[in-house]
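There are 2 protein chains.
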Amino acid sequence: MASARGSARRLFLGLDVGATKTLVLLTQGRQRVLGQQLLTTAARDGPEAVVQQLLSAIDRVLVRVEARRQDVAGVGVGFAGWCDLQGTVLAAPNMTGWRSVPLRAILEELTGVPVAVGNDANMAALAEARMGAGRGFRDLVYVTVSTGIGGGIVAGGRLLMGASGMAGEIGHLVVAPDGPRCGCGSHGCLEAMASGSAIAREAHQRLALAPGSRASPIAAQEVFEWARAGDRGAQEVITRASRFLGIGLRNVVNLLNPQAIVIGGGLSQQWKEYVEPALQVMRAAASGGDEREVQVLPAALGERSTALGAILWLQRVLRHTARS
Amino acid sequence: MASARGSARRLFLGLDVGATKTLVLLTQGRQRVLGQQLLTTAARDGPEAVVQQLLSAIDRVLVRVEARRQDVAGVGVGFAGWCDLQGTVLAAPNMTGWRSVPLRAILEELTGVPVAVGNDANMAALAEARMGAGRGFRDLVYVTVSTGIGGGIVAGGRLLMGASGMAGEIGHLVVAPDGPRCGCGSHGCLEAMASGSAIAREAHQRLALAPGSRASPIAAQEVFEWARAGDRGAQEVITRASRFLGIGLRNVVNLLNPQAIVIGGGLSQQWKEYVEPALQVMRAAASGGDEREVQVLPAALGERSTALGAILWLQRVLRHTARS
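Quick note, the sequences are listed as chains A and B, same order.
Everything in the first sequence is counted per our numbering, starting at 1 for the first residue and increasing by one.
Everything in the second sequence is counted per our numbering, starting at 1 for the first residue and increasing by one.
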């Protein structure tokens, strides 16, 4: 790793705080990565424990490149939950105790540098739009399909935040009003129909009905393996989920008419089996016909997208502060 | 009507071209209405006939206020169809022969003044945002519910057009994938589930199944009257449509997180019976909880909204042209 000595206040920290893993990224400027650390998020231990984890990880990354906290211009955070425009985490469905936690204020207090906090998928959308698969598109939608489904909207080159910072919740578009209950309380959200956990749940239910069923939970990954091996039931589960993904994407296209859709997340690895059939559903009879043609691209930044996007978001906040 | 003499090039024409009616509005400045004319659109007679209609109506309105074509700074058109960013009408589902008609170019050629063309609901959204119920909100969504369902999105104070001018198609959000076929080719679009024609169709089908059924088509208005008179079947039809409207609105809220939703169109008159129950569905379990609270307002500009919005859109185009 490169040494960062002498680059006073020109370092940026990007934190991707997920319910499972946390990535701490240290960059010089926009994207020259100097160091990084991946850790298991203390998701069950409450906000204080997670904050302590973040501070320790930040220190370790800085020490490794021989940098000090004083060299850091700020911290950008992409968080797996609903965040408002003040950087308060309103709720995090898969983490314990995150209810109206003013994360930005807490981290600013503890680090002494400016902090920006946003939703993880929104931050990833920003990064993919500016330096990833979506470079050059002014109107694009980013969708991440993994255990859950998230997203972010870039309109006219800018991240669309909405009135309270919660725009882009593609996973909570209702696509099957009589479908299973989603973690958010609604029924038949895209996330409840087409995410990794939806695929796993559906396969599990089918198996539970089958003779000689196994009781242990199933991972979406297994369902894809069985489908590849020729299992009809597994194939049907995937086809069904894929259809709903297509309907969700079509809704996004009809509402926003983006130039491009960038698809990331673990399930985007199953491009041929899962994403391609969804795109066929999306394109079939999209309102307005060919003129609404949209480019669909796999995400390019991989697991760093959220952390890089959080740094971009932070830099935008710093520019605004400098101006006012 | 006021005389417009001496106000050279300070008059604006706003045209609302619907499948049933066309409104021609003449204003001074943004919104001082000098004259207007309402006519029945020659929707079955093809684009040439409609264009001739528009030109005659423009002349009549000008003559009535003693103005001349030379006094007109430009013409804004809100059209009931899919329009691209160049002002070409790509398709108009309820009018004959409108397939890739370069309406802006045709009208500029024939009138000799700048013309701007956009989707009627998008234009109405702009007007409601700038001078109607949505004044003061930077992020709002306009929804019009009548025979069909249309909409427009204002994000950060600007009309969101999308990559090819077709953003805002709220009526074509799929809310019931196994529902009836929509005019656009998809199944279970919001328009196919919750519009005036959807209500009429559903009521008609129920009646057709009933003993002693009547064969003649039903208007949505009748269904509301029957419901008010206590007819259980009519009440059920309305409750069902209202639920889907609520799901569609919730999808809009979850994706865009607007500050406000403005609801117009004929069915918005049935606020208590139709819109209120939809808002309950929308608010129940909206992702992110109370922080996503959105104000819902009835449209304020009535039947002039599209024509007034078309003038605003034209003025925006004129400003851009002047700058470049």
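All residues carry an ideal CB built from backbone N, CA and C; glycine is no exception.
Short Cβ contact (8 Å threshold) for residue i with residue j
| i | j | result |
| --- | --- | --- |
| B:I238 | B:A227 | yes |
| A:V296 | A:I247 | no |
| A:M193 | A:A133 | no |
| A:L318 | A:L308 | no |
| B:S195 | B:G171 | yes |
| A:L25 | A:V33 | yes |
| B:I106 | B:V61 | no |
| A:R104 | A:V117 | yes |
| A:A310 | A:L15 | yes |
| A:E303 | A:F224 | no |
| A:L256 | B:G162 | yes |
| A:W173 | B:N122 | In the sequence on display, residue 173 of chain A carries Leu and not Trp. Going by C-beta atoms, A:L173 is not nearer than 8 Å to B:N122. |
| B:P298 | A:V175 | no |
| B:A49 | B:S305 | no |
| B:A278 | B:L249 | yes |
| B:G35 | B:R64 | yes |
Distance between residue j and residue i (C-alpha atoms, nearest Å)
| i | j | result |
| --- | --- | --- |
| A:P93 | A:A260 | 29 Å |
| A:A284 | B:H187 | 11 Å |
| B:Q280 | B:G74 | 43 Å |
| A:S197 | A:G76 | 28 Å |
| B:S100 | B:Q37 | 27 Å |
| B:G81 | A:M282 | 21 Å |
| A:T144 | A:W313 | 18 Å |
| A:L370 | B:F79 | What is shown of chain A runs 1 to 324, which leaves residue 370 of chain A out entirely. |
| B:L126 | A:F244 | 32 Å |
| A:I218 | A:R10 | 46 Å |
| A:G151 | A:L23 | 19 Å |
| A:L160 | A:Q86 | 15 Å |
| A:L140 | A:I153 | 6 Å |
| B:G183 | B:N251 | 21 Å |
| B:G109 | B:V72 | The sequence given here places Glu at residue 109 of chain B; Gly does not occur at that position. Cα-Cα distance, rounded: 14 Å. |
| A:R69 | A:P102 | 22 Å |
| B:A43 | B:M95 | 5 Å |
| B:E202 | A:P47 | 51 Å |
| A:L190 | B:R130 | 34 Å |
| A:W271 | B:R30 | 51 Å |
| A:A2 | A:R158 | For A:A2, the predicted model reports a pLDDT of 48, less than 50, meaning its position is unreliable; a value from the coordinates is still stated below. Cα-Cα distance, rounded: 32 Å. |
| B:Q28 | B:Q315 | 12 Å |
| B:G384 | A:A200 | It is not possible to answer for residue 384 of chain B, since the shown part of chain B is limited to 1 through 324. |
Neighbour list for residue i in chain B, Cβ cutoff strictly below 9 Å
| i | result |
| --- | --- |
| A:D139 | L160, M161, G162, A163 and A167 |
| A:N94 | Those within 9 Å of A:N94 in chain B number zero; the least Cβ separation is about 14 Å. |
| A:N251 | H172, L173, V174, V175, N251 and L255 |
| A:F259 | For the record, residue 259 of chain A in the displayed sequence is Gln; it is not Phe. The contacting residues are G162, A163 and S164. |
Buried/exposed call for residue i, threshold 16 Cβ in 10 Å
| i | result |
| --- | --- |
| A:L207 | buried |
| B:A167 | buried |
| A:G156 | exposed |
| A:E66 | exposed |
| B:S56 | exposed |
| A:T40 | exposed |
| B:H204 | buried |
| A:E128 | buried |
| B:T20 | exposed |
| B:T321 | exposed |
| B:G165 | buried |
| A:L276 | Correcting the residue identity first, residue 276 of chain A is Glu in this sequence and not Leu. It counts as exposed. |
| B:E169 | buried |
| A:D59 | exposed |
| B:W115 | Checking the displayed sequence, the identity of residue 115 of chain B turns out to be Val instead of Trp. By the 10 Å Cβ count, B:V115 comes out buried. |
| B:G148 | buried |
Contacts that residue i makes with chain A (C-beta to C-beta distance below 7 Å)
| i | result |
| --- | --- |
| B:V175 | V174 and P177 |
Chain A residues whose Cβ lies nearer than 8 Å to that of residue i
| i | result |
| --- | --- |
| B:I247 | V174 and P177 |
Partners in chain B for residue i, counting only beta-carbon separations shorter than 7 Å
| i | result |
| --- | --- |
| A:A155 | A155 and L160 |
For the stretch 146-185 of chain B, list the beta strand (DSSP E) runs that are entirely contained and at least 3 residues long, ordered along the chain.
-> 149-155
Those runs of the beta strand (DSSP E) which lie wholly inside the stretch 47-103 of chain B and span at least 3 residues | 72-79, 89-91 and 99-101
Just list the beta strand (DSSP E) runs in the stretch 261-324 of chain B, keeping only unbroken ones of 3 residues or longer that don't cross its boundaries, in chain order.
-> 295-298
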